Amino acid sequence: MRRFVPVLLVLALVVSMAMPVAAQDDISVIIDGQQQSFDPAPTIVNGRTLVPMRAFFEALGADVDWEDETRTAIGKRGDVEVRIPIGSTNPTINGVVHPIDVAAAIFDGRTFIPARFVSEALGDDVGWDGETRTVIVTSKGGTVPTPEPEPEKEDLVVHFIDVGQGDSILIQSPAGKVILVDAGTRSAGEKVVSYLKKAGISSIDIFVATHAHEDHIGGFQAVAEAFEIGEVFDVGYPHTTKTYERMLNTIDQKDIGYNIARAGDRINVDPALDIAILHPAQLIDDVNNNSIVLKVSYGDIDIMLTGDAEAQAEAEMIARSKGELDAEVLKVGHHGSRTSTTDTFLAAVSPEVAVIMCGIGNTYGHPHQEALASLSSAGVKIYRTDLAGDIIIKSDGRSYQVSGSPYIHTPEPGATAGKYVGSTLSDKYHILTCRYAGEILPENRIWFADKTEAQAAGYVPCGVCRP
Numbered sequence: 001m002r003r004f005v006p007v008l009l010v011l012a013l014v015v016s017m018a019m020p021v022a023a024q025d026d027i028s029v030i031i032d033g034q035q036q037s038f039d040p041a042p043t044i045v046n047g048r049t050l051v052p053m054r055a056f057f058e059a060l061g062a063d064v065d066w067e068d069e070t071r072t073a074i075g076k077r078g079d080v081e082v083r084i085p086i087g088s089t090n091p092t093i094n095g096v097v098h099p100i101d102v103a104a105a106i107f108d109g110r111t112f113i114p115a116r117f118v119s120e121a122l123g124d125d126v127g128w129d130g131e132t133r134t135v136i137v138t139s140k141g142g143t144v145p146t147p148e149p150e151p152e153k154e155d156l157v158v159h160f161i162d163v164g165q166g167d168s169i170l171i172q173s174p175a176g177k178v179i180l181v182d183a184g185t186r187s188a189g190e191k192v193v194s195y196l197k198k199a200g201i202s203s204i205d206i207f208v209a210t211h212a213h214e215d216h217i218g219g220f221q222a223v224a225e226a227f228e229i230g231e232v233f234d235v236g237y238p239h240t241t242k243t244y245e246r247m248l249n250t251i252d253q254k255d256i257g258y259n260i261a262r263a264g265d266r267i268n269v270d271p272a273l274d275i276a277i278l279h280p281a282q283l284i285d286d287v288n289n290n291s292i293v294l295k296v297s298y299g300d301i302d303i304m305l306t307g308d309a310e311a312q313a314e315a316e317m318i319a320r321s322k323g324e325l326d327a328e329v330l331k332v333g334h335h336g337s338r339t340s341t342t343d344t345f346l347a348a349v350s351p352e353v354a355v356i357m358c359g360i361g362n363t364y365g366h367p368h369q370e371a372l373a374s375l376s377s378a379g380v381k382i383y384r385t386d387l388a389g390d391i392i393i394k395s396d397g398r399s400y401q402v403s404g405s406p407y408i409h410t411p412e413p414g415a416t417a418g419k420y421v422g423s424t425l426s427d428k429y430h431i432l433t434c435r436y437a438g439e440i441l442p443e444n445r446i447w448f449a450d451k452t453e454a455q456a457a458g459y460v461p462c463g464v465c466r467p
């Protein structure tokens with residue numbers, strides 16, 4: 001037997017060199033200030049922390065999948081997909097290879113993935129406290145928060161989902177019915193799907209497409225693939241974009257009920273709710289001003305959802321309203337653009353709370369200072385998805401609660417310095433609610449106290465808003 005000993009020693013050495021060195025150290029993981037408890041515990045492999053795959057992905061708000069054929073762990077959050085093949089040091093982020101020095105591995109039948117690589121791939125910050133042997137992960141805004149659990153049957157819950165520069169609003173009725181108003185951009189579709197699943201949604205009774213812009217219906221395809229949809233309400237304004245065409249084709253292929261929404265109609269989904277369609281009465285040649293506007297009423301509480309309705313649509317609603325526009329909560333039109341939320345409309349609605357849905361650092365400058373100033377001057381509490389993330393309003397029909405903290409508006413110098421505005425790049429001046437005024441970049445704006453001042457500076461009236 002002695003002659004076999006050297007051979008066995010060599011084999012043992014080869015095996016030990018081929019296997020990663022794993023140390024079951026007492027490693028802690030903190031995510032956004034919360035201590036995580038993983039079973040099995042994290043482990044150190046060649047100086048890198050590996051964590052249990054499913055538990056870690058889910059703690060980061062990512063959806064988890066496993067591809068058995070290629071032995072690949074998959075995590076998805078928002079528009080990021082991370083694929084980590086077991087034993088390979090070439091994982092991918094959205095299809096692009098990002099080499100790592102320690103591969104994912106399977107120990108005792110459980111899959112472990114590298115904590116730092118996964119966190120940074122999803123856009124989060126990662127730190128290491130050597131003294132306490134703690135991995136510290138801080139989200140940078142890309143996570144999919146866990147919504148409130150399924151509401152009690154007597155409650156209305158409205159979720160303003162943070163989809164960046166776009167709208168998506170989930171309504172859970174007192175009887176458990178589900179209405180989804182818009183679905184964000186195409187890239188936000190997966191987040192909407194994930195959010196709904198985490199809220200316990202298995203199907204959607206009503207989908208409302210407020211209008212045909214991509215930041216409102218781009219995510220419809222992902223939603224329609226993930227959930228059965230009972231009916232769709234659309235404004236029916238012809239819009240020859242691929243996004244709108246795809247939505248209509250999907251509705252047809254899946255045989256989803258299709259309704260044209262008009263002012264005076266109602267969406268009957270739960271007898272406890274009154275969902276009135278306030279706009280449009282008839283179509284005009286403008287996508288935003290054809291937006292479907294809803295007033296959702298539950299007991300004493302009213303919530304108005306305005307899509308991208310602008311000043312023209314607001315004026316039409318006031319003319320038709322007979323004093324019935326008042327609502328405790330207003331979803332501000334067009335992401336807080338100066339072209340919406342006129343003083344007259346704000347006075348007619350008289351909201352206590354305003355929700356502005358927009359993306360952080362968006363190129364449009366939303367929300368505009370004029371809209372913020374109007375809301376603030378009216379004493380309205382402002383909540384913003386770009387600052388607060390998902391915003392949830394819960395009501396028992398007598399009172400309501402809003403998640404998060406309101407935004408405190410501090411006016412920018414000169415933001416409301418005049419009654420009229422022009423651009424340093426043109427010779428036209430506009431009223432503040434003119435659609436072209438909304439397109440002027442902040443650095444190019446010039447303000448005028450009155451028409452005389454504008455004309456003295458060489459500016460002429462805009463032919464659209466006719467100031």
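In our numbering, the protein residues as written are 1 to 467.
Note that CB positions come from ideal geometry on N, CA and C, so glycine has one too.
Source: prediction; values computed, not measured.
{"query": "If we ignore side chains and look at the alpha-carbon of each, how far apart do A319 and L372 end up?", "result": "24 Å"}
{"query": "Quick check: what's the CA-CA separation for R338 versus H430?", "result": "12 Å"}
{"query": "Would you call the CB atoms of T185 and G166 closer than 7 Å?", "result": "yes"}
{"query": "In angstroms, rounded to a whole number, what distance separates the CA positions of N444 and T424?", "result": "5 Å"}
{"query": "In chain order, what residues of the same chain have a beta carbon less than 6 Å from the beta carbon of S173, not counting five sequence neighbours either side?", "result": "D270 and L273"}
{"query": "Nearest-angstrom Cα distance between V157 and G458?", "result": "53 Å"}
{"query": "For L294, list the residues DSSP reports as bridge partners.", "result": "I277 and L305"}
{"query": "Evaluate A175 with the Cβ neighbour count: other Cβ atoms within 10 Å of its Cβ, from every protein chain shown; 16 or more gives buried, anything less gives exposed.", "result": "exposed"}
{"query": "Please state whether DSSP places K76 in a helix, a strand or coil.", "result": "strand"}
{"query": "Can you tell me where the beta strand (DSSP E) with D110 in it begins and where it stops?", "result": "Correcting the residue type first, residue 110 is Arg in the shown sequence and not Asp. Unbroken beta strand (DSSP E) run through R110: R110 to P114."}
{"query": "Out of E67, D32 and V163, state which residue places its alpha-carbon closest to the alpha-carbon of V193.", "result": "V163"}
{"query": "What three-state label does DSSP hand N289 in the structure shown?", "result": "helix"}
{"query": "DSSP three-state label for H216, please.", "result": "helix"}
{"query": "Starting from N259, follow the beta strand (DSSP E) in both directions and report where the run begins and ends.", "result": "G257 to I260"}
{"query": "First and last residue of the beta strand (DSSP E) that includes Q445?", "result": "A small fix is needed here, since residue 445 is Arg in this sequence, not Gln. Taken as a continuous stretch (DSSP letters only), the beta strand (DSSP E) holding R445 covers R445 to F448."}
{"query": "Going by C-alpha distance, which of G307, Q401, V235 and L375 is nearest Y407?", "result": "L375"}
{"query": "Keeping to the same chain, check which residues put their C-beta closer than 7 Å to that of A327; ignore five residues upstream and five downstream.", "result": "K295, D302, I303, M304, V349 and P351"}
{"query": "Just to confirm the assignment: which complete beta strand (DSSP E) runs, minimum length 3, are found wholly within the region 51-99?", "result": "63-67, 72-77 and 80-85"}
{"query": "Spell out the partners DSSP gives T134 in its beta bridges.", "result": "S28 and D129"}
{"query": "Got a sec? Which residues, its chain only, sit under 6 Å from R48 by beta carbon, not counting five neighbours each side?", "result": "V102 and P114"}
{"query": "Which word fits G77, buried or exposed, when buried means at least 16 other C-beta atoms lie within 10 angstroms of its C-beta?", "result": "The sequence shown places Arg at residue 77, rather than the Gly named in the question. When all chains shown are included, R77 counts as buried."}
{"query": "Could you tell me if G307 is buried or exposed, where buried requires 16 or more neighbouring beta carbons within 10 angstroms of its beta carbon?", "result": "buried"}
{"query": "Between the alpha carbons of D234 and R71, how many angstroms are there, rounded?", "result": "43 Å"}
{"query": "Given that a residue counts as buried once 16 or more other Cβ atoms are within 10 Å of its Cβ, and exposed if not, what is A188?", "result": "buried"}
{"query": "Using the C-alpha atoms, what's the distance from K177 back to G359?", "result": "28 Å"}
{"query": "Do you know how far the Cα of I106 is from the Cα of Y383?", "result": "45 Å"}
{"query": "Less than 7 Å between the beta carbons of A183 and G219, yes or no?", "result": "yes"}
{"query": "Identify whether Y195 lies in helix, strand or coil by the three-state DSSP scheme.", "result": "helix"}
{"query": "Would you report the Cα separation of S88 and V29, rounded to the nearest angstrom?", "result": "24 Å"}
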